[in-house]
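*Asks:* Handing you a structure now.
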Amino acid sequence: MKAKDVRNEFLTFFEKQKKFPHTLVQSSSLVPANDRSVLFSIAGMQQFKPYFLGDPLVAKKELGQPRATSVQKCFRVTDIDEIGDATHLTFFEMLGNFSFNDYFKDQAISFAVEFLTKKLHLDATDMWVTYFGGDSIHNIPADLEAMELWKKAGIPEERIIARGSEDNFWGPPGATGPCGPSSEIYYPYPDKKLNAFDESSLIEIWNIVFMQYEKSKTGKFSELPTKNIDTGMGLERISVIVEQKPSIFETSIMSSLIEEIQSDPAFSANKETPIGTRIRIAADHLRSSIFLLSDDVVFGKKEQQAVLRRIFRKALDQYEQRHANLEKVLNAVVKQYRTTYPDLHKKQAHILSQMLEEQEMYHAVRERKVEHYLKKIRPQNSITSQIEPLRDPSSRTLSPQEAFTLLTTYGFSLEQLKNEGYSFDTTEIAKLTQKHKETSKQGSQKKFGGHGLDLVHSAEISAEERKKITRLHTATHLLHAVLRRILGDTVTQQGSDINTERLRFDFSFPRKLTDEEKKQIESSINYAITQNFAITREVVPLQQAIKSGALAFFREKYPDPVTVYSVVDSKTSDVFSRELCGGPHVERTGEIGKLTIVSEKSIAQGIRRIKAILS
C-alpha cells in the first residue's frame, strides 16, 4: 500500500459509513480565505470553524449532514527549525474526519481504531495512546472518559498514557477559538518493538480533538454549546508506517523529488549521506514553495510573502552551486500530485517563472557581500552620528536595526549573515519585526478602507464626488474579472485604492503587460459598460458565495452571511463579474463611463499595478 492508497482508503472509509456517512470536502487554500488569526491553513478544521462555533444545523444544511471528511493542505512554521530530521515538514497533507454536534468521543475513537486495524492492518497492541491528564490552572478536568474508551477499543491499559496541556490539549489555531482535550495515537518505527513509551522511537500518527471548549480573548475557557470532533492524521507520517520506510523522505510521496535533487550537479549530494539533512531541507522547502505559489502567494516582504521567500532561499542555500534545476524539481512535484491538485499543472508555467526570477534575484544579492550593504546603512559622518553613534565599518557585530534592514530591505537571510561571520541578537530582531508589523497595521487602518470607500460615507465630499467613487468601484470589479479572463486565473487581487480621480488595482502577475493586452483589457471592460449590464446584490452564506465562484480578497475578513455583487448579462444570464463586496455600486454598467488605463507597472516581484480613469 502506498500513500495515494492511504488517502483514497481514508476518504472512502468515512464517506461510505452506513450510520455516520461523511461529506467529502475539498481542501481549502493554504491561505485562509476568511481568518486573520493565522497566516496559513495549519489544520483541517480551519475551514470548518464557523460550524464548530455556530449553529450545527448550518453544517447539516450546507454539507447535507453534520459530518465531513477531507485531505487538507497544511503549512506550519512552528517546527521549521526541526526540518531535516525524519518526521518534520512545513507543508503536509492532513487526513481528517469531523463531527458537528453529532457523534462524539465513543464513535471517534472506534473509527480510528477500526481504520488503522482493519484498513491499514496495524496491530492495536503495538499502538500507544495519550489522553489529557487535566489542567488545574485553568480548572479543566482529566479526560478519564477517553481513557476508558481506548481500553474498550482494544488498546492495552499500560499503553494508555496521561499527559498535560502542552501535549494533549489542542488549539485553538490562533489566539481564540474552539479547542479541547485530545488523544494522540503513536506507532513504533518499522522493525521496532517497545515495552515503554519512548517518543524518539515512535511516530505520532493521529490526533483526535474532542472539541468542547472555546478560548476567549481574555484566555478564559468555556464550554461550547455543541460538542464536536476534529481529527488529523498526517499522510506523510502514516505512510512511513504503511510503506515500512525509515523516514518521510523515503516514502512514495517524497522519493521522486529526492531523486531529482540528488541528481542535480548543483547540489553535490555525494558529500553527505544519501538522505542527509541538506537534501531534506531542500526537498521540504521547495515542495512547500511550489504549493504556496500555486495558492497565489508571491515572493515579497510581508506576511505569507516573506515566509515563502525565507523558505525558498533557505532551500537554495542547501545547493553548492548556482542555478538549481528548479524545472525538474517542479516537474517531480506536479507529477506526484497532478490528479489530486490539478491547479499545480494548470499553474506550472507561472510557478516556474516565479521561482526562476526569485533565484536570480537571490543570487544577485549573494554575490554582493554584506559589507557592501553595511556601508549604506552605518553612519558615515558627524551629522548622522548625532542620531546613532559611529561604528567601526569592519565590525562583525550587527546592531538589531542593521540586521533588520539587511533582512527586510536587502533580502539577506539569517543563515547568510551567519555564514559571512556576523553575529546579532535574534531576540531584538524579533522585537523590531513585531514593532514593524504593528506600525504597518496602524498605518493601514488610517488609510481609506478596503477600496478607499470610506470616502463614500464621508461628509467631506460632495454628492457628485460620491458618484465618481461609486462608478470607479464598479469599474474595479470589471477590471478584476477581465484581468483573470485575459491573463489567466492565476491573477489575484493584491490591493486596491480609489479616490475621486482614479482607481488603482494591484494584482499578481509575473511580467509587464504588452500593449496589445492593455488594449484588450480596456476593450473588454468598455464592452461590458456599453452593454449596460445589470448589477445585482444578494446576501448569502459565506460558503455558498465561495462555491458560486464569487471572488474574494484572500486576506479580507468577511462576515457571514456576506454580500455578493454580480454583473450579469440579462439577455443570456451569463455572469461577467461576481465578488464578495460591501458596495456601493452603480445599478447598471452604462453609468460607469469609458475606462482608460493610464499606467501599468511593477511594484514588487510578481505584483503589477494598474491605474485607470473614467470619462
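Here the sequence shown is numbered in full-length UniProt numbering, starting from 1 and rising by one per residue.
We put the beta carbon where it would ideally sit given N, CA and C, even for glycine.
Using only the alpha-carbon positions, how far apart do Val25 and Leu479 sit?
*Replies:* Their backbone Cα atoms lie some 31 Å apart in a straight line.
*Asks:* What did DSSP end up calling Ile541 once you bin it into helix, strand or coil?
*Replies:* Looking at the sequence provided, one finds Pro at residue 541 rather than Ile. Coil, per DSSP.
*Asks:* Could you give the distance in angstroms between the alpha-carbon of Gln348 and the alpha-carbon of Ser37?
*Replies:* If you take the alpha carbons of Gln348 and Ser37, they lie about 30 Å apart.
*Asks:* In or out: Gly452 buried (at least 16 other Cβ within 10 Å) or exposed?
*Replies:* Residue confidence is low: Gly452 scores 44 on pLDDT, short of 50, so the model does not pin down where it sits. No coordinate-derived value is stated.
*Asks:* Can you tell me where the alpha helix (DSSP H) holding Leu292 begins and where it ends?
*Replies:* Start and end: Thr277 to Ser294.
*Asks:* Tell me which same chain residues have a C-beta within less than 7 Å of the C-beta of Asp343, skipping the five on either side of it?
*Replies:* So the qualifying residues of the chain are Ser294.
*Asks:* Please list the segments of the beta strand (DSSP E) lying wholly inside the segment 128-206, counting only runs of 3 or more residues, in order along the chain.
*Replies:* If we require 3 residues or more, the beta strand (DSSP E) runs fully inside the segment 128-206 come out as 128-132, 160-163 and 177-188.
*Asks:* What residue does the beta strand (DSSP E) around Met94 start on, and which one ends it?
*Replies:* Its beta strand (DSSP E) spans residues Phe91 to Phe100.
*Asks:* What does a CB cutoff of less than 8 Å around Asn325 pick up in its chain, not counting 5 residues either side in sequence?
*Replies:* Same-chain partners within the cutoff: Glu260, Asp264 and Ala266.
*Asks:* Output needed for Cys581: all residues of its chain with C-beta closer than 6 Å, excluding positions within five of it in sequence on either side, in chain order.
*Replies:* Tyr565.
*Asks:* Would you check whether the ligand SAM has a heavy atom nearer than 6 Å to the C-beta of Tyr362?
*Replies:* Ligands are entirely absent from the displayed structure, and the ligand SAM is therefore not among its contents.
*Asks:* Thinking C-beta only, is His473 closer than 7 Å to Ser577?
*Replies:* No; because the gap between Cβ atoms is not below 7 Å, this pair is not in contact.
*Asks:* What residues in its chain sit with their C-beta under 6 Å from that of Phe221, if we drop five residues either side in the sequence?
*Replies:* So the list reads His138, Tyr213 and Lys215, once near-sequence residues are dropped.
*Asks:* Name the DSSP beta bridge partners of Leu614, please?
*Replies:* DSSP, once it has assigned bridges, lists Leu595 as partnering Leu614.
*Asks:* So, with DSSP's three-state summary, where would you put Val25?
*Replies:* In the structure shown, Val25 sits in coil (DSSP, three-state: anything other than H, G, I, E or B).
*Asks:* To the nearest angstrom, report how far apart Ser615 and Glu360 are at their CA atoms.
*Replies:* Roughly 42 Å between the two C-alpha positions.
*Asks:* With DSSP as the reference, label Ser423 as helix, strand or coil.
*Replies:* In this structure, Ser423 counts as strand in the three-state DSSP scheme.
*Asks:* Whose CA, out of Val307, Arg378, Phe291 and His363, lies closest to the CA of Arg338?
*Replies:* Comparing Cα-Cα distances from Arg338 to each of Val307, Arg378, Phe291 and His363, the minimum goes to Phe291.
*Asks:* Nearest by alpha-carbon distance to Arg280: which of Gln47, Gln305, Val297 and Ala315 is it?
*Replies:* Nearest option by C-alpha distance: Ala315.
*Asks:* In angstroms, rounded to a whole number, what distance separates the CA positions of Ile603 and Gln494?
*Replies:* For Ile603 and Gln494, the distance between alpha carbons rounds to 11 Å.
*Asks:* Where do the ends of the beta strand (DSSP E) carrying Ala68 lie?
*Replies:* Where Ala68 is concerned, the enclosing beta strand (DSSP E) stretches over Arg67 to Phe75.
*Asks:* Less than 7 Å between the C-beta atoms of Glu395 and Pro510, yes or no?
*Replies:* According to the sequence as given, residue 395 is Ser; it is not Glu. No; because the gap between Cβ atoms is not below 7 Å, this pair is not in contact.
*Asks:* Roughly how many angstroms separate the alpha carbons of Ile592 and Ser599, rounded to a whole number?
*Replies:* Spanning the two alpha carbons is a distance of roughly 19 Å.
*Asks:* Do you know how far the Cα of Ile529 is from the Cα of Lys594?
*Replies:* Straight-line Cα distance between these residues: approximately 7 Å.
*Asks:* With distance defined between alpha-carbon atoms, name the residue in Lys518, Met1 and Asn419 nearest to Ser239.
*Replies:* The shortest C-alpha separation from Ser239 is found at Met1.
*Asks:* Could you say which of Thr176, Thr231, Thr563 and Pro181 lies nearest to Met45 if we only look at CA atoms?
*Replies:* Of the listed residues, the one whose Cα sits closest to Met45 is Thr231.
*Asks:* Check whether the segment 306-323 and the segment 103-115 touch, using three or more Cβ-Cβ pairs below 8 Å as the test.
*Replies:* No, because fewer than three Cβ pairs between the segment 306-323 and the segment 103-115 fall closer than 8 Å, the two stretches do not touch.
*Asks:* If contacts are defined as beta-carbon pairs under 8 Å, then Ala3 and Ser252 qualify, I think. What distance do you get, rounded to the angstrom?
*Replies:* About 5 Å; that satisfies the 8 Å criterion.
*Asks:* Rounded to whole angstroms, what is the Cα-Cα separation between Gly407 and Arg378?
*Replies:* The amino acid at residue 407 is misidentified as Gly; the sequence shows Leu. Computed Cα separation, rounded: 15 Å.
*Asks:* What is the DSSP secondary structure of Val31, counted as helix, strand or coil?
*Replies:* Val31: coil per DSSP, three-state reduction.
*Asks:* Check this for me: beta carbons of Trp150 and Ile160, under 7 Å apart or not?
*Replies:* For Trp150 and Ile160, yes; Cβs fall inside 7 Å.
*Asks:* For Glu243, which option in Pro584, Met211, Asp5 and Asp506 has the closest C-alpha, if you only look at C-alpha atoms?
*Replies:* When only C-alpha atoms are compared, the closest one is Asp5.
*Asks:* Please go through the same chain and pick out, in chain order, the residues whose beta-carbon is closer than 6 Å to the beta-carbon of Gln318, but skip the five residues on each side of it.
*Replies:* Same-chain partners within the cutoff: Arg278, Ile281 and Ala282.
*Asks:* Among Lys49, Val333 and Lys431, whose alpha-carbon lies nearest the alpha-carbon of residue 619?
*Replies:* Residue 619 lies beyond the stretch modelled for the chain, which goes from 1 to 615, so this question has no answer here.
*Asks:* For Glu587, does the three-state DSSP call read helix, strand or coil?
*Replies:* Note: Glu587 maps to coil in three-state DSSP.
*Asks:* Would you report the Cα separation of Thr340 and Val334, rounded to the nearest angstrom?
*Replies:* Their backbone Cα atoms lie some 10 Å apart in a straight line.
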